[in-house]
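Numbering-wise (numbering that gives the first Met the number 0), the sequence shown opens with residue 0 and increments by one.
Okay, structure first, notes after.
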Amino acid sequence: MRIEVSVIAGARTTEIVFKGEVWKVKVQAAPDKGKANEAVRALIAKELGVPKSCVVLLRGAASRKKVFEIRI
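Rendered as structure tokens:
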């Protein structure tokens with residue numbers, strides 16, 4: 000399963016807002032050395048109830064628009 004994500008790093012709150020097929024994810028972590036990507040990955044894993052190792056970033060490591068794959 001693939002998920003398209005729009006990320007807002009450095010937000011005041013950490014939350015997921017579902018908007019159609021694209022998830023809007025806000026994380027408090029700064030976009031520095033992959034910290035925000037890791038926070039998004041952990042949040043998606045928690046939301047779906049899967050281990051973080053099952054959530055893989057496919058595209059968008061340095062972009063706000065990302066694609067994650069859930070491997071079960």
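Quick reminder that beta carbons are idealized off the backbone N, C-alpha and C, glycines included.
- Of all alpha-carbon atoms in A8, A60, R40, the one lying nearest the alpha-carbon of S52 is that of R40.
- Collapsing the DSSP output to three states places A41 in a helix.
- For the 8 Å CB-CB criterion, E14 and K32 do not form a contact.
- Measuring C-alpha to C-alpha distances from G48 to each of I69, K34, S62, A61 identifies I69 as the nearest.
- At a Cβ-Cβ threshold of 8 Å, V4 and K65 count as neighbours.
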